[in-house]
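Worksheet for the structure shown next.
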DNA sequence: GCAGAATACGAGCGATCGCTCACATTGCCT
DNA sequence: AGGCAATGTGAGCGATCGCTCGTATTCTGC
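Protein chains in written order, with my numbering: chain A, 727 to 933; chain B, 727 to 933.
See below:
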């Protein structure tokens with residue numbers, strides 16, 4: 727199966743044991759990113775934390791960058807799970823309730839692993855994996871646009887593409903800023919308040 | 727004047743020559759950040775690009791971090807110049823025109839040096855100088871809140887602090903995303919369109 | 001014009017980084 | 001049981017990093 731002479735690292739782990747190794751490496755990377763930051767996340771350190779030799783690391787990840795990209799992908803998949811679920815839930819609701827629920831979901835998504843989310847948001851550009859984020863954003867735009875189309879009767883906007891951009895960007899920025907930069911001032915009351923305001927913002931804009 | 731034995735670097739350059747050195751270093755740092763990214767911006771490389779010895783660099787900046795912080799401060803000062811100017815211009819205008827002008831100013835601010843702005847936005851967290859950004863954000867919130875207070879008769883919001891957070895965050899995210907991530911699709915027409923939408927968004931929210 | 005302060009220089013230190021490779025161990029298949 | 005593929009190991013290489021320090025040059029005040 728494997729043809730290459732082990733120089734360019736194998737990508738696929740077929741046995742149970744190696745899958746555990748890959749998982750441990752990704753998990754260790756996430757841990758170190760959260761606890762010590764990007765600069766401390768050297769490949770040697772990650773391997774050590776994972777309880778795996780540095781050689782094994784390079785069997786499965788061609789570079790440090792690839793490791794971080796794997797963490798990003800895993801995290802984004804978790805986020806999209808939340809978003810897709812929420813969109814399915816609210817498909818039939820009127821927009822007022824639907825938007826409120828969607829914005830609540832956005833907050834929840836940011837609370838899945840806020841510290842990791844923050845580190846990734848800050849460090850992703852360095853990985854050269856900006857495409858990943860672009861893809862992620864694009865899927866968000868597309869999903870929300872579809873939502874708007876399904877509620878076209880309640881929306882006065884002529885350009886749904888633009889409207890989706892405005893809504894998604896605003897909601898993401900509000901929840902991101904609130905959860906990641908003002909977590910201190912954000913008890914449950916303030917949080918409900920914020921969801922109210924954000925809902926009001928996009929609802930009035932769309933109608 | 728200088729007491730320390732040259733170990734902890736001097737902060738103040740008193741002669742003309744040394745001020746030029748400091749400027750060259752900051753300018754070189756900005757250039758390298760824009761052209762080659764954070765990782766390539768080593769202190770040796772910065773000194774070389776500035777036409778200055780590495781020793782001189784450490785006379786004026788105690789660390790690489792301090793150098794980047796200086797670039798950040800300079801850039802933020804330029805941005806705030808634009809923002810403060812716009813706020814002064816629109817103080818007497820009714821909100822509808824005023825907000826439009828302010829949002830246009832936000833776009834202009836992002837266009838001062840978009841590439842540098844992007845690199846800084848992405849890399850700032852690494853410098854440990856997050857406080858700088860926080861201060862910057864806070865000044866923005868405060869200025870806009872003051873603006874809202876002066877137009878209290880046109881604003882229905884009960885909590886101006888929260889309203890300022892919502893507006894500033896949304897405007898900043900919209901202009902930031904548009905200018906830095908969708909510059910391709912952003913001719914003058916699309917730009918005017920975006921300003922329209924953003925104005926509508928915050929105006930309806932506030933009234 | 002001269003002394004001392006201010007400024008500039010750059011070889012090079014110690015640390016760390018990403019990563020390779022020669023070799024050892026484990027698991028699968030017949 | 002034995003052979004080969006899959007997986008695991010870690011010492012260490014070459015590069016680069018941030019930064020120091022002893023020395024050379026330039027400027028200022030008298």
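Ideal placement from N, C-alpha and C gives every residue a C-beta, glycine not left out.
Is the Cβ-Cβ distance between residue 827(B) and residue 817(B) less than 8 Å?
By 1-based counting over the second chain, the position of residue 827(B) is 101. By 1-based counting over the second chain, the position of residue 817(B) is 91. Their beta carbons are not under 8 Å apart, which means residue 827(B) does not touch residue 817(B) by this criterion.
Within 8 Å of any Cβ in chain A, is that where the Cβ of residue 861(B) sits?
The residue you call residue 861(B) lines up with position 135 of the second chain. So, not an interface residue.
Okay, do the stretch 739-755 of chain A and the stretch 773-783 of chain A touch, 3+ Cβ pairs below 8 Å being the bar?
yes
Closer than 9 Å at the beta carbon, the chain B residues around residue 899(A)
As a working mapping, residue 899(A) is identified with position 173 in the first chain. The answer, in chain order, is 895, 896, 898, 899, 900, 902, 903.
Using a Cβ-Cβ distance cut-off of 8 Å, determine whether residue 886(A) contacts chain B.
If you number the first chain from 1, residue 886(A) lands on position 160. For residue 886(A), the answer is no, since every Cβ of chain B falls outside 8 Å of its Cβ.
Which of the three DSSP states is assigned to residue 809(A) in this structure?
To locate residue 809(A), count along the first chain from 1; it is residue 83. The answer is helix: DSSP assigns residue 809(A) an H, G or I state.
Does the beta carbon of residue 719(A) sit closer than 8 Å to a beta carbon anywhere in chain B?
In this structure chain A extends from 727 to 933, so residue 719(A) is not present and cannot be described.
To the nearest angstrom, how far is the alpha carbon of residue 810(B) from that of residue 786(A)?
Numbered from 1 along the second chain, position 84 holds the residue referred to as residue 810(B). Numbered from 1 along the first chain, position 60 holds the residue referred to as residue 786(A). When rounded, the distance between both Cα atoms is 52 Å.
Assess contact between the stretch 801-810 of chain A and the stretch 903-913 of chain A, defined as three or more Cβ pairs (one per stretch) separated by less than 8 Å. Is contact present?
no
Would you identify the three-state DSSP class for residue 929(A), choosing helix, strand or coil?
As a position in the first chain, residue 929(A) is number 203, starting the count at 1. In this structure, residue 929(A) counts as helix in the three-state DSSP scheme.
Contact between the stretch 854-869 of chain B and the stretch 790-805 of chain B (3+ Cβ pairs under 8 Å)
yes
Should residue 931(B) be labelled buried (16 or more other beta-carbon atoms within 10 Å of its own) or exposed?
Looking up residue 931(B) in the second chain gives position 205. Answer is buried; the Cβ neighbour count reaches 16.
Assign residue 918(B) to one of three DSSP states: helix, strand, or coil.
Here residue 918(B) corresponds to residue number 192 of the second chain, with the count starting at 1. Residue 918(B): helix per DSSP, three-state reduction.
State yes or no: is the C-beta of residue 898(B) within less than 8 Å of the C-beta of residue 832(B)?
In the second chain, residue 898(B) corresponds to position 172, counting from 1. In the second chain, residue 832(B) corresponds to position 106, counting from 1. For residue 898(B) and residue 832(B), yes; Cβs fall inside 8 Å.
Can you give the beta carbon distance from residue 843(B) to residue 877(B), rounded, assuming they're within the 8 Å contact cut?
Counted from its first residue, the second chain places residue 843(B) at position 117. Counted from its first residue, the second chain places residue 877(B) at position 151. The Cβ separation is near 29 Å, so there is no contact.
On the criterion of 16 or more Cβ atoms from any shown chain inside 10 Å, does residue 866(B) qualify as buried, or is it exposed?
The residue labelled residue 866(B) in the question sits at position 140 within the second chain. With 16 or more Cβ atoms within 10 Å of its Cβ, residue 866(B) is classed as buried.
Mind listing the chain A neighbours of residue 923(B)? Cutoff is C-beta to C-beta under 7 Å, in chain order.
In the second chain, residue 923(B) corresponds to position 197, counting from 1. Chain A residues near residue 923(B): 888, 892.
Spell out whether any CB of chain A is found under 8 Å from the CB atom of residue 931(B).
Numbered from its first residue, the second chain carries residue 931(B) at position 205. Answer yes: the Cβ-Cβ gap between residue 931(B) and chain A drops below 8 Å somewhere.
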